[in-house]
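The sequence shown begins at 5 in the numbering used here and counts up one residue at a time. Below is one structure; the comments refer to it alone.
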Amino acid sequence: MLAALRKLCFPLVLIATSCATTPERNPANTHGATPSHWTTASSSAAHIKNKWVDSFADPALTALVNDALNNNFDLKAAAARVDAAREQVGIEGAARLPQLSFTPGYQNAQVRDVGLESSRFSAFEALFSMSWEIDLWGRIKASQQAVRQEAAAVSADFHGARLSLAARTAQSYFELIEANLLVDVVEQSVKDRRTIVELVRGRFARGLTRGLDLRLVLTDLANAEAQLAQARNQVQIVTRRLEVLLGRYPSGGKKVINQVSTTHLPVPPPALSAGLPSQLLERRPDLVAAFSRLRALDSRVESAKKALLPRITLTASGGTSSSDLADLVDPRAVAWNVAAGLVQPIFTGGRLKGEIRLNEARTVEALNNYRSAALNAFREVEQALAAEQWLRAQEQALKEAVEQTRASRKLAVYSYRQGLIEILTLLDSYRSTLNAQSAHLTVQRQLLSNRIDLYLALGGGV
């Protein structure tokens, strides 16, 4: 019977399947022109590590990142989405298998005839039914393949979420160190300003300076105290943000602060080789997800085109009914029937062809989304590679600026005591020192954050 149905549908199959094959795609070819190397040369042959957090050699950082990966609620939600997507693959594939149901029952009825006595009867029933759409042309298989690709995309999204969470945790960790160090720097600056206030107040009492000088140093002290309040506020902001990433209540307490070094920022790891641009397309989770979604839509188009073909369905039903429960297990009492049917869509009001065009349009959208994501990925890598060179140069310049401002501040205090300079010059030396120290801390943290951005852009594991 199946052979006869195949012969009957063969001409339709040749017509419909001629354009219902999934196109072959390769990440590099699908993107378009992929450069053979990065425009920013790398100064090291060391490749990205699978666990880039360890490259910072900071046990506290490693512990916090692991804590976030284990307890962050957004990541747990992403893991649940992966489980749901995997189950959806099984649900979609169930349509390729026979569907069998069994319905046991019991009836107890009373019948009353006009003018006659009523009669009662009861019966036990055991009924079954089976239906099976034979997926001769692979329509259901293509649909299941689409769901499998979508599940792969969700899984890639999860790995991307892990990478992003680790990066945000590490960057928040470095920001908290910077904020704590800045508090120390501003506190010392406030102490120095108070010393200057006492110096000027003493000179004013002895008539050696004007009241304007005292007003200026008091104003400068107040501004420094305001900067200190701002720095302390930044500590609590970053602390609470980090606590949320760790899945903790944002109390701003000492538990997280005590886990963070307050003496210095880590030294950035050695320069990193970014590998080849083509490797990025197969390593970055967001690109893997975008490519999987594109492949899923290719399968959707294939399934929609094969919906134009005839569907062959086998059905069977049967069962038995008896007033005696023991008779239900007697195979001689079972009645059954089997049927095979063929359904060929002829007129659907344009629905089937509309679904084909709809999925083709979505495929074009997914293709261009993938190309856009790839370009953005290339930009992020190139930008991070170039930024590291300029940030290192900036860090060296600011380090020299800190040393020079410290030396000029000492000379300014001496010159003011000798009456060689005005008070504004002295105050400016203190402000310059604080600004240089603050800027140096910021660029040190930016170097670390940029290295994390590079790891993130390259799709390194955690």
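A virtual CB, placed ideally from N, CA and C, is assigned to each residue, including glycine. As the structure is a prediction and not an experimental result, all values here were calculated from the model.
Item, Value
"Is the distance from the Cβ of V57 to the Cβ of A174 below 8 Å?", "yes"
"Considering Cα atoms alone, identify which of L169, G464, V158, G142 is closest to T25.", "G142"
"Taking the alpha carbon of D433 as the reference point, which residue from Q448, N112, L415 has its own alpha carbon closest?", "Position check: residue 433 holds Ser in this sequence, whereas Asp was assumed. Looking at the Cα atoms, L415 is the closest of the given residues."
"If you drop the 5 nearest sequence neighbours on each side, which residues of the same chain put their C-beta closer than 7 Å to that of P39?", "P281"
"Need the endpoints of the alpha helix (DSSP H) that Q283 sits in, please.", "281-287"
"Within 10 angstroms of its Cβ, does L12 collect 16 or more other Cβ (buried), or is it exposed?", "Only weak support is given to the placement of L12: the predicted model assigns it a pLDDT of 48, under 50, and the value that follows is read from those uncertain coordinates. Exposed."
"According to DSSP, which residues form a beta bridge with R315?", "V347"
"With a cut-off of 8 Å, do at least 3 Cβ pairs link the stretch 308-323 to the stretch 340-351?", "yes"
"Mapping DSSP to helix, strand and coil, what is L131?", "strand"
"Take every Cβ of the stretch 402-410, pair it with every Cβ of the stretch 298-313, and state whether three or more of those distances are shorter than 8 Å.", "no"
"Among the candidates A320, E399, R355, A378, whose CA atom is the shortest distance from the CA of R137?", "The residue asked about is misnamed: residue 137 is Glu in this sequence, not Arg. Taking only the C-alpha atoms, the option nearest E137 is A320."
"By Cβ distance, which residues of its chain are closer than 6 Å to Q153, with the 5 residues on each side in sequence left out?", "S296, R299, A300"
"Between which two residues does the alpha helix (DSSP H) carrying G215 extend?", "215-249"
"How big is the Cα-Cα spacing for R197 and D224?", "7 Å"
"For the alpha helix (DSSP H) that contains S147, what are its first and last residues?", "143-209"
"Report all residues from its chain with a CB closer than 8 Å to the CB of F208; omit the five preceding and five following residues, and keep chain order.", "R214, G215, D217, L218"
"Could you tell me how far apart the beta carbons of L68 and L250 are, in whole angstroms, since I believe they sit closer than 8 Å?", "7 Å"
"Helix, strand or coil, according to DSSP, for Q263 in the structure here?", "coil"
"Might you give, ordered along the chain, the residues of its own chain that have their beta carbon closer than 6 Å to the beta carbon of Q263, omitting 5 neighbours on each side?", "A64"
"Looking only at C-alpha atoms, which of S133, V189, S135, R396 sits nearest to Q450?", "R396"
"Once the 5 residues before and after D139 are set aside, which same chain residues still bring their CB inside 7 Å of it?", "R100, K145"
"I'd like to know whether the C-beta atoms of L167 and V466 end up nearer to each other than 8 Å.", "yes"
"What span of residues does the alpha helix (DSSP H) with V271 cover, start to end?", "Element bounds for V271: n/a, residue is neither H nor E."
"Sort D78, R455, F132, Y177 by Cα distance to A278 and report the nearest one.", "R455"
"In this structure, how does DSSP classify Q398 when only helix, strand and coil are distinguished?", "helix"
"Out of L220, E129, A235, which has the shortest C-alpha to C-alpha gap to R205?", "L220"
"Flag this pair as yes or no: are the beta carbons of T34 and L389 separated by less than 8 Å?", "no"
"Are F162 and F132 close, meaning C-beta to C-beta below 8 Å?", "no"
"Report buried or exposed for R413, applying the criterion of at least 16 other Cβ atoms within 10 angstroms of its Cβ.", "buried"
"With DSSP as the reference, identify every bridge partner of N341, one or two as the case may be.", "S321"
"Apart from the five residues just before and just after K55, which ones in its own chain have a Cβ nearer than 7 Å to its Cβ?", "G465, V466"
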